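K.L.:
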Amino acid sequence: MTRTLQIDPSNAERARAWDGEEGEYWAQEADQFDRALRAYRAPFFDAAAIGPTDRILDIGCGTGETTRDAARRADAGRVLGLDLSGPMLDVARRRAAAEQLPNAAFEQADVQVYPFPQGEFDVAVSRTGTMFFGDAPAAFRNIARALRPGGRLVQLVWQPPQYNEWFTVFTTALAAGRSLPTPPPDAPGPFALADPERVSGLLTEAGFHPPHFTALTAPMHFGADPDTAQRFVTGLLGWLLAGLDDAGRTRALADLRASLATHGTAEGVLYPSATWLITTTRA
Ligand SMILES: C[S@@+](CC[C@H](N)C(=O)[O-])C[C@H]1O[C@@H](n2cnc3c(N)ncnc32)[C@H](O)[C@@H]1O
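In this text, residue positions in the sequence shown follow our numbering: the first is 1147, and each later residue adds one.
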C-alpha cells in the first residue's frame, strides 16, 4: 500500500530542505556523516539493548546506518526507518538491500504525524534525528503512542554549542566577523534538545517516564586530511558564506582552513564533541 506523504505544516519548510538539496548532500556524503559519529555507535546500541525479536522504530533514520545496525541485532524482529528525505532514503534502501537485511524497511514520512498503529514497537531509537520537529510536544506524543507500554526510547542529541567546538569554530570562521542571529535555544535545530530540564518536561508530558541523561564526549571526524575536511564542511555549512564580499569569503575560508589544519591527526581531522544519550521508557 502506498501512503500519501503527510507533513505537518510546522515541518513543511525543513521537509523541503531535507527532501531537496540538503538531503542530497547528506546522501552523497553518507559515509563521511557516518564516520563523523562513529565514536558514538557503541554506547548508543549498548543503551538500546536491542533483542533478537524486537520491533524497532528508527526516527529520522537518514541514510540508515542505525537502521541496518538495529536490523542485524533484531534478526528475528524488524526495523522501520522513517525520514523526510527521499534522497537519503534511497541510499538507506540500497544499502539495506546490499547488506541483505530484509527485516529493515523504510518509509518517507513525518514522524510527528505518522499514523502509527498504537503500541506497534518495542524500541524507538534516534541518532540526532529528533531535534528538528516543528511541534516537539506533538511529535513525542506520537512516538509514545507508537511504543508499547514499557517500550524504550533511546536518543542521541547534541549538548549545547559551547561544548561542541566543531560547531562554534566552524560557524565563527564562516561568519567572518559578522554577528549572525542566534536562534532561541528551543527552536527546531541541532541544539533543540540540549537542555535536560526542557527535554524531561517534553518527554514526561508526552507519556514517558522521567528520562535518564548520560553525558558523552567523543572526537568527531571531519575527513582524512584538512583538504577533504574543508570540502566536507563547506558543503555542509557553506550557506553561511552568503552575503560576504570576496574579501570576507577569503578570510572565512582561510580561518576555517587554519583551524582544520591544527586539528589534523594521524586518524584524520578531529574536533571535540559532546552529546546526551537520553533513555526512557513509555509509561
Ligand atoms: C541530522 S540527520 C540524522 C540522520 C540519521 N539519523 C543519522 O544519524 O545519520 C536528521 C534527520 O532527521 C530527519 N527528520 C527531521 N525531521 C523529521 C521528521 N519530522 N520526520 C522524519 N524525519 C525527520 C531528516 O530528514 C534527517 O535525515
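A virtual CB, placed ideally from N, CA and C, is assigned to each residue, including glycine.
Nothing here was measured: the structure is a model prediction, and the numbers come from that model.
1) Specify the secondary structure class of Val1271 as computed by DSSP and reduced to three states.
2) DSSP state of Pro1329, grouped into three classes?
3) Roughly how many angstroms lie between the CA atoms of Phe1262 and Ala1290, to the nearest whole one?
4) Is any heavy atom of ligand 1 found at a distance shorter than 7 Å from the C-beta of Trp1312?
5) What are the start and end residues of each continuous alpha helix (DSSP H) run of 4 or more residues lying completely inside the segment 1333-1386, in chain order?
6) Please give me, in chain order, every unbroken run of the beta strand (DSSP E) with length at least 3 that falls completely inside the segment 1161-1225.
7) By the DSSP assignment, the alpha helix (DSSP H) with Pro1418 in it spans what residues?
8) Nearer than 7 Å: is that true of the beta carbon of Asp1256 relative to any heavy atom of ligand 1?
9) State the start and end residues of the unbroken alpha helix (DSSP H) segment that holds Ala1251.
10) Tell me whether Ser1325 is buried or exposed, calling it buried when 16 or more other Cβ atoms sit within 10 Å of its Cβ.
11) Around the C-beta of Trp1312, are 16 or more other C-beta atoms found within 10 angstroms, so that it is buried, or is it exposed?
12) Just to check, is the beta-carbon of Gly1142 closer than 7 Å to a non-hydrogen atom of ligand 1?
13) Starting from the C-beta of Thr1350, find all residues in its chain whose C-beta is less than 7 Å away, skip the five residues before and the five after it, and write them out in chain order.
14) Let me know the secondary structure DSSP gives Thr1317 once reduced to three states.
15) Assess, as a yes-or-no matter, whether the segment 1195-1212 is touched by the segment 1230-1240 under the definition of 3 or more beta carbon pairs within less than 8 Å.
16) Could you check where the alpha helix (DSSP H) with Val1257 kicks off and where it finishes?
17) Rank Arg1294, Leu1302, Leu1382 and Thr1318 by C-alpha distance to the C-alpha of Leu1183 and give the top, closest one.
18) Thinking C-beta only, is Arg1214 closer than 8 Å to Leu1247?
19) Work out the CA separation of Phe1378 and Leu1399 for me, nearest whole Å.
20) Between Asp1154 and the rest of its own chain, which residues show a CB-CB distance below 7 Å, the 5 nearest in sequence each way excluded?
P.N.:
By the coordinates alone:
1) In the structure shown, Val1271 sits in a strand (DSSP, three-state: E or B).
2) Pro1329 falls in the coil class under three-state DSSP.
3) Cα to Cα, the separation comes out at about 10 Å.
4) No.
5) Listed in chain order, they are 1342-1352 and 1372-1383.
6) Counting whole runs of 3 or more residues, the segment 1161-1225 contains the beta strand (DSSP E) stretches 1201-1205.
7) That residue, Pro1418, is in no alpha helix (DSSP H); its beta strand (DSSP E) goes Gly1414 to Thr1427.
8) Checking the Cβ of Asp1256 against ligand 1 gives yes.
9) Per DSSP, Ala1251 is not a residue of any alpha helix (DSSP H); the beta strand (DSSP E) it occupies stretches across Ala1250 to Gln1254.
10) With fewer than 16 Cβ atoms within 10 Å of its Cβ, Ser1325 is classed as exposed.
11) Buried is the call here.
12) Given a span of 1147 to 1429 for the chain in the structure shown, any question on residue 1142 remains unanswerable.
13) Contacts found: Pro1356.
14) Thr1317: helix per DSSP, three-state reduction.
15) Short answer: they touch.
16) Counting along the chain, Val1257 falls outside any alpha helix (DSSP H), and DSSP gives it neither H nor E.
17) Among Arg1294, Leu1302, Leu1382 and Thr1318, the Cα nearest to that of Leu1183 belongs to Leu1302.
18) It is a contact, given that the beta carbons lie within the stated cut-off.
19) Taking the straight line from one Cα to the other gives about 13 Å.
20) For Asp1154, same chain residues with a beta-carbon under 7 Å away, outside a window of 5 residues either side, are Asp1256, Gln1258, Val1259, Gly1280 and Asp1281 in chain order.
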